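>
Protein chains in written order, with our numbering: chain G, 32 to 136; chain U, 2 to 157.
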């Protein structure tokens, strides 16, 4: 891994088309400005999983979406009002830090 | 800004829609995976509550299916980071889950192996006061990106 030290206003260049500028340095955060062509995807790394999941969600065909919507309406209509999905409760209640939040009010 | 002028949009699934501006959610950072998509119409179909269709204003073919996380977990432990809170312009009194004008939507996907799943690890949080929305990553490791939905009958 290459390690560089930079000050506010300085930048680094990656390849020919990408520049990353240090805009602001706070006590626990840096603000970066990224210059790249519009077709270069730039995102916070932790968003990659969400991106992938969203792209999968967008792949539904009209027919599948319709069937899915019907099934989901049915699922929700069977859950008691204000009730927790058993599946969620079972998985989540094993987590000590959040257990109290999931107890029925 | 939230106005009352109608927005005309075309959906590949719903046809031409003439929606009140209040039905449009704005994503200041775009939707992850679709960074150029900043505006989605939130559409509810009678008889299909609490499902919410999120139809892109710009792309007729882009339509996601979602539902409020409380539909399966009334005590969903939503956390909103300070960055997300800033993007949503949350007021100090807007606190989950007490505030009625905060909405958290889980996006539904169909996985080849698991079937229908909901993304509980990264719900869309909507500030209903200004219709701004962000996908808010949860730090809680027990929340799944592909939470399996046990559908009653027909497989999807």
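For each residue, glycine too, the CB sits at the ideal point set by N, CA and C. Small disclaimer: the values here were computed from a predicted structure and weren't measured.
Find the residues of chain U that neighbour residue 54 of chain G, judging by a C-beta separation of less than 8 Å, and give them in chain order.
Residues of chain U passing the Cβ test: none, with the nearest at roughly 15 Å.
> Report buried or exposed for residue 110 of chain U, applying the criterion of at least 16 other Cβ atoms within 10 angstroms of its Cβ.
buried
> Give the DSSP-derived three-state secondary structure of residue 70 of chain U in the structure shown.
helix
> Which residue from G/62, G/52, G/72, G/78 puts its Cα closest to that of residue 135 of chain U?
G/78
> Taking Cβ to Cβ, would you say residue 99 of chain G is nearer than 8 Å to residue 66 of chain U?
yes
> For residue 111 of chain U, go through chain G and note every residue whose CB falls closer than 7 Å to its CB, in chain order.
91, 95, 99
> Using a Cβ-Cβ cut-off of 7 Å (strictly less than) and excluding sequence neighbours within five positions of residue 140 of chain U, which residues of its own chain qualify?
These residues qualify, in order along the chain: 80.
> Among the residues of its own chain, which have a CB less than 8 Å from the CB of residue 29 of chain U, if the five just before and after it don't count?
39, 88, 133, 135
> Enumerate in chain order the residues of its own chain whose CB-to-CB distance from residue 57 of chain U is below 6 Å, with the five nearest sequence positions on each side excluded.
38, 41, 63
> Measuring only the C-alpha atoms, how far is residue 33 of chain U from residue 84 of chain U?
Spanning the two alpha carbons is a distance of roughly 15 Å.
> At a Cβ threshold of 8 Å, is residue 88 of chain G touching chain U?
yes
> State yes or no: is the beta carbon of residue 47 of chain G nearer than 8 Å to at least one beta carbon in chain U?
no
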